[in-house]
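Engineer: Every letter in the first sequence is one number past the one before it in my numbering, and letter 521, counting from 1, is 1970. What follows is a structure written as C-alpha cells; I'll ask about it next.
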Amino acid sequence: MTFGKGCHLHLIDGSAFIFRAYHALPPLTRKSDGLPVGAVAGFCNLLWGELTTTRSQEAPTHLAVIFDAGSITFRNEIYPEYKANRPELPEDLRPQFAFTREATRAFNVPCIEIDGYEADDIIATLSRRAREAGGTVTIISSDKDLMQLVGNGVDMLDPMKNKRIGLDEVFEKFGVAPDRVVDVQALAGDSVDNVPGAPGIGIKTAALLINEFGSLESLLERAGEIPQPKRREALVNNADLIRISKRLVALDADMPLDVGLETLELKEPDPDTILGFLNAMEFRTLTRRVAEKLKVEAPALDADKGTEVQTQATQAATAPFVHDAYEAVRDAAALQAWVARIRERGYVAVDTETTSLDEMRADLVGISLATEAGLACYIPLGHRTGTDDLFGTAQRAEGQMAEAEALAILKPVLEDPAILKIGQNMKYDAKIFARRGVHVAPIDDTMLMSYAMHAGLHNHGMDALSETYLGHVPIPIKSLLGSGKAQVTFDRVPVDQAVRYAAEDADVTLRLWQLFKPMLHKARVTTVYETLERPLVPVLADMEMAGIQVDRDTLSRMSNAFAQKMAGLEAEIQEIAGEPFNVGSPKQLGEVLFDRLQVPGGEKGKTGAYATGADILEDITTLQDAHPQAARLAARVLDWRQLSKLKSTYTDALQDHINPETGRVHTSYSITGAVTGRLSSNDPNLQNIPVRSEEGRRIREAFVAPRGRVLVSLDYSQIELRILAHVADISELQQAFRQGVDIHALTASEMFNVPLDQMTSDIRRKAKAINFGVIYGISGFGLARNLRIPRAEAQGFIDRYFERFPGIRTYMSETVKSAQAAGYVQTLFGRKINTPEINAKGPTAGFAKRAAINAPIQGTAADVIRRAMIRMPAAIADLPATMLLQVHDELLFEVDEDAAATLVARAKDVMEGAAAPAVHFKVPLIVEAGQGQTWAAAH
DNA sequence: GGAGTCACG
DNA sequence: GACGTACGTGACTCCG
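Pasting the structure below:
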C-alpha cells in the first residue's frame, strides 16, 4: 500500500527512549552472564507500550524508530566543538545500544539510522515526505530540537508526560511559532549541545528580538538599531557565530534517505522472533505480557539461566497497571486475607481517601493497600449514593464494611513495629488514622525519599513521580471529582471507580518505594532521609493536631477597627485623586499616580502596568514639594495597604481557620515545600504572622494560651550568621560569637574603623544589611537597593567587607564552583540541594549562583532546628507541655504555667545542642526565650 | 491562572 | 561598563 492521504506516521525518537529507560531503572544485569540490560528492558517496555496503546484518534498506520548512527555528523564540519561537551556515556549503557536496535527489529518495527546525520534530521526528512504525500505525522519525543517541525499536520507527543506538543506548546516554550524556533535557538544557543549562540542571550530575550525584527536575518542586518548596548554588541560582534549556530540547530529535511514511506507500514510482530529475543534477554515479565497479548504460550526460561531475573525494582517499573485486577474489599473475611498477606510480606503501602484535604476536618471514605507491584485493594467505608436534599436522604452505598470494624482489623497491623507502612505524604494519612485512635508506625514516605534525593530537580507529588519514574500517568483525581463548582467529594464517587483510582495510588506508592529504596543509598542521602526526614513526620503530625488557640473576638474587633480606618483612608484617597477608583487595584492606582497626577518616573513592567510596590510609593511620599497631592496619596495608600493586608490575610482569614471542634487553628506543614530543607506552613500560613510593624504585631495578641497555661517562644539567635562564620571559617566572626558581642556592630567596626563604643545606629544598620546580603549571595545592586544608596557606594562596602573577611569571598566562589561541577550543594548534615540552573547563561545564572551560596547556610539552619524538633518530644515527655509551631528559627510551646521554667531549660538544651554529635560548630548556638499569655508577649 | 503585592525568616 | 539581581516561602486581590 502506498503512503498517502489518511495515513498517519509515528516517528519514535529512539535515543530519547533509551536514555529515559536508562535513567528510570536501576542498573539491572542479565542473570546468566551479568550483561547490563536495564536500558534495554526499559526500552522494550516503552516500545511495547507504544505498540499496544490505543489512542483512538491518532492511531498510527505507519511507524518507525529512528536512532543516531554515531557521534560525528555534518554539523561537526560546520563547527568542530558541536556536542563536544557531551559527558562520556556511562560504561554500562554503551553495550546496550546494539540491543535496542535488535529489540526494535524483533518487535517488527523498522529501525532507521544514517551515518553522518542525526536522528532528528531523519525525522525531519520523513516528516516532510509524509506531509507531501498527504499524510500526517506524530513525533514521539520531548526533544525541543524537534519542535521546529511542529505544525501543518505534524505534532509531537511527549512520551513521559503523555502530552501532545502542538503549536501552543511550542510557542510556550520558545515564544515564537515553529518556523522561527531555529532563529531563537540560534540566538540563545544550547549549553548541552554546545551551540554557541549569542553571549548573554537566553530564550526569552531571543524570542523578544525575533518577534520585534521578524526574523534572524533581518535582526542581524538591523542589529545596530537595538537600544540595549549589551544586546547590540552581543549580536554585532557574534553575527558569524550566530549564523553558524543556526546551521547547527536547523534540521536537514532534505537529506538523502533511501527509505520508502510504504515500507514503514505497521506490521504485527512475529511471536517467535519477539519472544525469542525477550527470552534471550531474560525479561520474564515482559515475555509473559507479550505472550498474553499475542495469545501464545510464553516460553519457559531455561532453568540453568536462572528463573528470576527481574529485581523488585524492575517489576515496579515495568509491570503493567491493570486497574481491573484491583480488589474491592467488602467484608471482614476479605480484609483478614489482606492482613495475612501483609504479615507475610512485612510491609504494605497504605493510602486513605477522605472528603477533604484538611486532615482535621476530613471524614474517612476508604483505605487502599498494596503489597506488591500490581497487587492492591481498596476498602470502601464511607461512600454514599443519591443526593443530599433538605432531608439528607443520601444513602450509604451497599457492600461496605463499617469503619470501626475495618479499623479494628487493621489497627494491629498499622501499629505493629515489625511491619513497615509505606505512604506518599504519610503525614496526611497518619493524622487521619490518629484522629481515629490508630497510631501508624513505623512509616516510610516516598515523597520524602524523593525530596532527599531530588530537592531542586522536580516536585515530589505522586503524579509527577509516577510519570517520571514509572512512566505511568495515574488516573487524575479530577476525572472522578470534577472541578470547579460541580466538584464533588470522594464519598460521592461510585465504589467501582474509587477502587480503580484508590488502589492504583497504593500500587504506585509501593512501586515508587521499591525503586527509591536502593536509590537513596546510591545518592548517599540515606542518613539525611533517616535522620532529618522520616522521624519528622510524627513530630509534625502531633504539632498540627495540637493546633494553637486563637481568640476569635480579638480578631473580630481588630477586623472592625481596620475596616473603619480603611473606609476613612479610601475616602481621602479618592478625594485626592479627584475620582473614585479601586484602591486595591495596582493598575488603577498606577494610572492615577503617573497619568492623572503626572508623577514622573513611572515604570511599566512586562504587562504594561505601572509598578506601584511599597518601595515606589515610599519614594513618592518624599515628593512633597513637587507633587504634594501625589505624596499625600501615596502615603495614604501605603497605610491602606497595610490595613488591607492585615484584615484580609490575618484578622479575617484566620477566623475562618478556627476548627469548630477544637476551637484552635491547625496549620499544615509541608516538609518538601522549600528546596533548602526549610518547612513551609499553609492553610493557614502561621510562619508569616506579622511582627515587624507595631500595628501588625498586635495580631499576635490573638494567639493565646488556655487558662493556666502560657506560650513559650524559643528562637535561635543569628543562626545563619553563626553558620556562615563556621563554614567560611572566619575566625574574627567566630570569636565575636564566642564572646557574645553584637555581631553587626563588630562588622561595622571592622569595616568602617569605628571603635565599638563609638558605634552609631546608622553605621550598624549598614553593616547589618551587608551581613544579611552576604547570606543571600550579595550584589552591589541588591545592597544599593536595600540601603537606598548609590550603587558605587554599595559596591565599595562589599569590597571593603571582602577585604576585611577574605574567607567569605573564598567560601562563596568555592561553593559556586563545586555546584557547577557536581550539580548540587550540601548542608553540613549532608542534605543535597540540586542546582540544575547553575550552568545556565544569562540572568538565570546569577539567580542560580546566589541560590547556591544561600542554600547551604539556610539549609544547615533548617537541619539544625529539624534535629531539635525530632529530639524534643522525648526531652519534654514528662512535662505538661506541647510543641505547637515552628517558624524557621523559632519553636513555640504551650505549657502549664508552673512548668514553664523547666520547659525553657530543657528545650533550650535540646536546641542549643541540636547539631551535636554530627557536627561540632566552632561557634556556640544560642537560644533566646520568652513567655507570656499571648504570642505577642512571648516573643 | 498569572501578576502584583506583602507578610514572615 | 552594563545586562537585571538580593535568599527562601504562602495568601490575597485584581483582571483578562
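Beta carbons are placed, not taken as given, at the ideal position from N, Cα and C, and that holds for glycine.
DSSP puts Thr1834 in a beta bridge; with which residues?
Structural biologist: Working through the first sequence from its first residue, we reach residue 1834 at position 385. Per DSSP, Gln1844.
Engineer: Taking all protein chains shown into account, decide if Lys1927 is buried (16 or more other Cβ within 10 angstroms of its Cβ) or exposed.
Structural biologist: What you label residue 1927 is simply residue 478 of the first sequence in a count that begins at 1. It is exposed - the Cβ of Lys1927 has fewer than 16 other Cβ atoms within 10 Å.
Engineer: Does the Cβ-Cβ distance between Arg1580 and Asn1601 come in under 9 Å?
Structural biologist: Numbered from 1 along the first sequence, position 131 holds the residue referred to as residue 1580. Numbered from 1 along the first sequence, position 152 holds the residue referred to as residue 1601. Contact: yes.
Engineer: Could you give the DSSP three-state label for Arg2158: helix, strand or coil?
Structural biologist: Counted from its first residue, the first sequence places residue 2158 at position 709. Of the three classes helix, strand and coil, the one that applies to Arg2158 here is strand, per DSSP.
Engineer: To the nearest angstrom, how far is it from the Cα of Ile1691 to the Cα of Leu1669?
Structural biologist: Mapped onto the first sequence, residue 1691 falls at position 242. Mapped onto the first sequence, residue 1669 falls at position 220. In a straight line, the C-alpha of Ile1691 is about 9 Å away from that of Leu1669.
Engineer: With DSSP run on the structure shown, which of helix, strand or coil describes Val1771?
Structural biologist: For this step, residue 1771 is matched to residue 322 along the first sequence. Residue state, collapsed to three classes: coil.
Engineer: Buried or exposed, going by whether 16 or more other CB atoms sit within 10 Å of the CB of Pro1627?
Structural biologist: Against the first sequence, residue 1627 aligns to sequence position 178. Flag for Pro1627 reads buried.
Engineer: For Glu1802, tell me which candidate among His1772, Ile1881, Lys1742 has the shortest Cα-Cα distance.
Structural biologist: As a position in the first sequence, residue 1802 is number 353, starting the count at 1. The option with the nearest alpha carbon to Glu1802 is Ile1881.
Engineer: Using DSSP with H/G/I as helix, E/B as strand and the rest coil, what is Val1977?
Structural biologist: As a position in the first sequence, residue 1977 is number 528, starting the count at 1. If DSSP states are grouped into helix, strand and coil, Val1977 belongs with the helices.
Engineer: Taking Cβ positions, are Asn2131 and Ser2119 nearer each other than 9 Å?
Structural biologist: Here residue 2131 refers to the residue found at position 682 of the first sequence. Here residue 2119 refers to the residue found at position 670 of the first sequence. In this structure, Ser2119 lies closer than 9 Å to Asn2131 by Cβ.
Engineer: Who are Tyr2273's beta bridge partners in DSSP?
Structural biologist: Here the question's residue 2273 lines up with position 824 in the first sequence. Paired residues: Asn2283.
Engineer: List the endpoints of the continuous beta strand (DSSP E) containing Leu2340.
Structural biologist: As a working note, residue 2340 is residue 891 in the first sequence. Per DSSP, Leu2340 belongs to the beta strand (DSSP E) from 2339–2345.
Engineer: Taking Asp1780 as the reference, which of Thr1804, Ala1774, Leu1830 has the closest Cα?
Structural biologist: Along the first sequence, read from residue 1 onward, the residue named residue 1780 stands at position 331. Out of Thr1804, Ala1774, Leu1830, Leu1830 has the C-alpha closest to the C-alpha of Asp1780.
Engineer: Return helix, strand or coil for Gln1849, following the three-state DSSP convention.
Structural biologist: For the purposes of this step, residue 1849 is taken as residue 400 along the first sequence, with counting starting at 1. Here Gln1849 sits in coil by DSSP.
Engineer: Restricting to Cα atoms, I'd like to know which of Gly1638, Asp1604, His1903, Pro1718 is closest to Asn1687.
Structural biologist: Counting from 1 along the first sequence, the entry for residue 1687 is found at position 238. With distances taken between Cα atoms, Asn1687 lies closest to Gly1638.
Engineer: Can you confirm whether the stretch 2312–2324 touches the stretch 2352–2363 when touching is taken to mean that 3 or more C-beta pairs between the two stretches lie within less than 8 Å?
Structural biologist: They touch, by the three-pair rule.
Engineer: With the cut-off set at 9 Å, would you say Val2176 and Ala2304 are in Cβ contact?
Structural biologist: Taking the first sequence and counting its residues from 1, the one referred to as residue 2176 is at position 727. Taking the first sequence and counting its residues from 1, the one referred to as residue 2304 is at position 855. Cβ distance not < 9 Å, so Val2176 and Ala2304 don't count as in contact.
Engineer: Short of 7 Å in beta carbon distance, which residues of its chain neighbour Phe1590, apart from the five on each side in sequence? Order them along the chain.
Structural biologist: For this step, residue 1590 is matched to residue 141 along the first sequence. As written in the sequence, residue 1590 is Ser, which differs from the Phe given in the question. Excluding positions up to five away in sequence, the list reads Asp1462, Ala1465, Met1605.
Engineer: Leaving out the 5 sequence neighbours to the left and right, which residues in its chain are closer than 6 Å to Ser1505 when beta-carbon positions are compared?
Structural biologist: Here residue 1505 is taken as the residue at index 56 of the first sequence, counted from 1. Because Ser1505 carries a pLDDT of 49, less than 50, the predicted location of this residue cannot be relied on, and the following value inherits that uncertainty. Cβ within range, chain order: n/a, list empty.
Engineer: Quick one: is His1459 buried, meaning 16 or more other Cβ sit within 10 Å of its Cβ, or exposed?
Structural biologist: For the purposes of this step, residue 1459 is taken as the residue at position 10 of the first sequence. It counts as buried.
Engineer: Please classify Val1739: is it buried, with 16 or more other beta-carbons within 10 angstroms of its beta-carbon, or exposed?
Structural biologist: Reading the first sequence from its first residue, position 290 is the one you call residue 1739. Counting Cβ neighbours within 10 Å, Val1739 comes out buried, since at least 16 surround it.
Engineer: Could you give the DSSP three-state label for Thr1734: helix, strand or coil?
Structural biologist: Sequence index remark: in the first sequence, residue 1734 carries index 285 (1-based). Here Thr1734 sits in helix by DSSP.
Engineer: What is the DSSP secondary structure of Pro1987, reduced to helix, strand or coil?
Structural biologist: Looking up residue 1987 in the first sequence gives position 538. In the structure shown, Pro1987 sits in a helix (DSSP, three-state: H, G or I).
Engineer: By the three-class DSSP mapping on this structure, what secondary structure does Val1758 have?
Structural biologist: Within the first sequence, numbered from 1, the residue matching residue 1758 stands at position 309. With a pLDDT of 36 at Val1758, under the threshold of 50, the modelled position of that residue is not reliable, and the figure given next carries that caveat. Looking at Val1758 - three-state DSSP - the assignment turns out to be coil, as it is neither helix nor strand.
Engineer: For Ala2365, which three-state DSSP category applies?
Structural biologist: Counted from its first residue, the first sequence places residue 2365 at position 916. Coil at Ala2365, not helix or strand.
Engineer: Nearest-angstrom Cα distance between Arg1973 and Gly2279?
Structural biologist: Mapped onto the first sequence, residue 1973 falls at position 524. Mapped onto the first sequence, residue 2279 falls at position 830. Cα to Cα, the separation comes out at about 8 Å.
Engineer: Do Leu1706 and Leu1575 have their C-beta atoms closer together than 9 Å?
Structural biologist: Within the first sequence, the letter at position 257 stands for residue 1706. Within the first sequence, the letter at position 126 stands for residue 1575. In contact: Leu1706 and Leu1575 (Cβ atoms closer than 9 Å).
Engineer: To test your reading of the DSSP string, which unbroken alpha helix (DSSP H) runs of 4 or more residues are found completely within the stretch 2034–2121?
Structural biologist: Qualifying alpha helix (DSSP H) stretches, in chain order: 2035–2039, 2063–2070, 2077–2094, 2102–2105.
Engineer: How many Å lie between Ala1857 and Ile1924 at the Cα?
Structural biologist: Along the first sequence, one-based indexing puts residue 1857 at 408. Along the first sequence, one-based indexing puts residue 1924 at 475. Going from the Cα of Ala1857 to the Cα of Ile1924 covers about 30 Å.
Engineer: Looking at the strands, I want to know which residues DSSP matches up with Asp1800.
Structural biologist: Residue numbering aside, residue 1800 sits at position 351 when the first sequence is read from its first letter. BP columns for Asp1800 point to Ser1817.
Engineer: Is it buried or exposed, Leu2128, if we count other Cβ atoms within 10 angstroms and call 16 or more buried?
Structural biologist: Taking the first sequence and counting its residues from 1, one reaches residue 2128 at position 679. Leu2128 comes out buried.
Engineer: List the residues that DSSP assigns as beta-bridge partners of Leu2450.
Structural biologist: Past the boundaries of the shown model lies residue 2450; the chain is included only from 1450 to 2388, so the question cannot be answered.
Engineer: Okay, do the stretch 1996–2006 and the stretch 2148–2159 touch, 3+ Cβ pairs below 8 Å being the bar?
Structural biologist: Yes: at least three Cβ pairs fall under 8 Å.
Engineer: So is Pro2077 buried or exposed if we call it buried at 16+ other beta carbons inside 10 Å?
Structural biologist: As a position in the first sequence, residue 2077 is number 628, starting the count at 1. Exposed is the call here.
Engineer: Just the Cα atoms here: how many angstroms apart are Ile2218 and Ala1490?
Structural biologist: In the first sequence, counting from the first residue as 1, residue 2218 sits at position 769. In the first sequence, counting from the first residue as 1, residue 1490 sits at position 41. Looking at the sequence provided, one finds Ala at residue 2218 rather than Ile. Using only the alpha carbons, I get a separation of about 56 Å.
Engineer: May I ask you to list the residues that DSSP assigns as paired with Glu1776?
Structural biologist: For this step, residue 1776 is matched to residue 327 along the first sequence. Cys1826, per the DSSP bridge assignment.
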